[in-house]
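Each remark here refers to the structure printed beneath this line.
Protein chains in written order, with the numbering used here: chain A, 1 to 85; chain B, 1001 to 1194.
Rendered as structure tokens:
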């Protein structure tokens, strides 16, 4: 599951930034990757489409780095899979 | 009559610029005047709207705005496709028309264009400069030309509210508001009025 979330985040960031660079968990979305608020919303949409889930807005709204984003997506994915059972 | 309404609305909108951005108490009356002026032209305007554009096309009666809709300056509502002009030799009276409907709690950013037939669901945000057409689902952020849904409006609002540049300055007296903003961004502007 961690890989699913991480892969989805990495693929979405690559799509948004045009670069498939290695993403350290500490990389900041805005300051290091240049992803502003509008692009962040689009990033989440890409992740949701890839994983066929809807991420909780409150859980992701304040994430600032790649590691936190992966964690929030993992949580949403776990909840979605639990609800589906 | 039409030019008189336009002049009156222009005076209202000029006055709105500084006061409304600051949320002065006067904005409540000014917003009501703007809404009434647009209703007089045939636009259906819900309650609590803040409208800073005059561009409601030549068929304003085809436009409806829900409650609490924000319309930034430069926004254009287009209810007819002027390309019909190219068919006038064979069909002299032809017009291509389409209504525009905006749901409740929407915000339309600066210089956006809403084309004939646009329907915005409740709670949508249209990005500055977007060119929007067709049916937009509720709670969508629409951006770009052609406008496309890029995500959820509810998430964008939460993201912006959690950002470092979200300041609680709306409604403060202008001197205090400016001081707080300049402190936050560490800028030193010119003295007020110069």
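Where is the CB? At the ideal position from N, CA and C, for every residue including glycine.
Source: prediction; values computed, not measured.
Among the options, which one has its Cα closest to the Cα of residue i?
| i | options | result |
| --- | --- | --- |
| residue 1143 of chain B | A/37, A/15, A/49 | A/37 |
| residue 64 of chain A | A/40, A/80, A/76, A/19 | A/40 |
| residue 34 of chain A | A/45, A/46, A/19 | A/19 |
| residue 60 of chain A | A/81, A/83, A/29 | A/29 |
| residue 1068 of chain B | B/1114, B/1089, B/1082, B/1124 | B/1124 |
| residue 1096 of chain B | B/1079, B/1051, B/1139 | B/1079 |
| residue 1154 of chain B | B/1139, B/1146, B/1168 | B/1139 |
Given residue i, which residues of its chain have a CB within under 6 angstroms of its CB, disregarding the five upstream and five downstream residues?
| i | result |
| --- | --- |
| residue 1150 of chain B | 1141, 1143 |
| residue 1112 of chain B | 1075, 1126, 1130 |
| residue 1137 of chain B | 1121 |
| residue 69 of chain A | 9, 63 |
| residue 1147 of chain B | 1130, 1131, 1132 |
Residue i CB to nearest chain A CB: under 8 angstroms?
| i | result |
| --- | --- |
| residue 1046 of chain B | no |
| residue 1166 of chain B | no |
| residue 1151 of chain B | yes |
| residue 1143 of chain B | yes |
| residue 1183 of chain B | no |
| residue 1155 of chain B | yes |
| residue 1160 of chain B | yes |
| residue 1127 of chain B | yes |
| residue 1163 of chain B | yes |
Cβ atoms of residue j and residue i: under 8 angstroms apart, would you say?
| i | j | result |
| --- | --- | --- |
| residue 993 of chain B | residue 58 of chain A | As displayed, chain B neither begins before 1001 nor continues past 1194, which places residue 993 of chain B out of reach and without an answer. |
| residue 1102 of chain B | residue 1064 of chain B | yes |
| residue 47 of chain A | residue 9 of chain A | yes |
| residue 1072 of chain B | residue 1109 of chain B | yes |
| residue 1031 of chain B | residue 1049 of chain B | yes |
| residue 24 of chain A | residue 66 of chain A | yes |
| residue 1046 of chain B | residue 1106 of chain B | no |
| residue 1084 of chain B | residue 1094 of chain B | yes |
Give me the Cα-Cα distance between residue i and residue j, rounded to the nearest whole angstrom.
| i | j | result |
| --- | --- | --- |
| residue 76 of chain A | residue 1091 of chain B | 57 angstroms |
| residue 1116 of chain B | residue 85 of chain A | 45 angstroms |
| residue 1163 of chain B | residue 27 of chain A | 17 angstroms |
| residue 82 of chain A | residue 1177 of chain B | 48 angstroms |
| residue 1132 of chain B | residue 1070 of chain B | 16 angstroms |
| residue 1104 of chain B | residue 3 of chain A | 40 angstroms |
| residue 1187 of chain B | residue 1170 of chain B | 19 angstroms |
| residue 1134 of chain B | residue 1119 of chain B | 6 angstroms |
| residue 7 of chain A | residue 1181 of chain B | 40 angstroms |
| residue 71 of chain A | residue 78 of chain A | 11 angstroms |
| residue 1026 of chain B | residue 51 of chain A | Reliability fails at residue 1026 of chain B, whose pLDDT of 45 lies under 50, so the model's placement of it is uncertain and the value that follows must be treated cautiously. Taking the straight line from one Cα to the other gives about 49 angstroms. |
| residue 22 of chain A | residue 14 of chain A | 10 angstroms |
Does any CB atom of chain B fall closer than 8 angstroms to the CB of residue i?
| i | result |
| --- | --- |
| residue 49 of chain A | no |
| residue 44 of chain A | yes |
| residue 13 of chain A | no |
| residue 19 of chain A | no |
| residue 76 of chain A | no |
| residue 62 of chain A | yes |
| residue 33 of chain A | no |
| residue 26 of chain A | no |
| residue 41 of chain A | yes |
| residue 69 of chain A | no |
For residue i, I'd like the list of residues in its chain whose CB is within less than 7 angstroms of its CB, leaving aside the five on either flank, ordered along the chain.
| i | result |
| --- | --- |
| residue 1056 of chain B | 1038, 1041, 1043, 1063, 1077 |
| residue 44 of chain A | 55, 60 |
Please work out which residues of its chain come closer than 8 angstroms, Cβ to Cβ, to residue i, disregarding the five sequence neighbours upstream and downstream, and give them in chain order.
| i | result |
| --- | --- |
| residue 1058 of chain B | 1079, 1080 |
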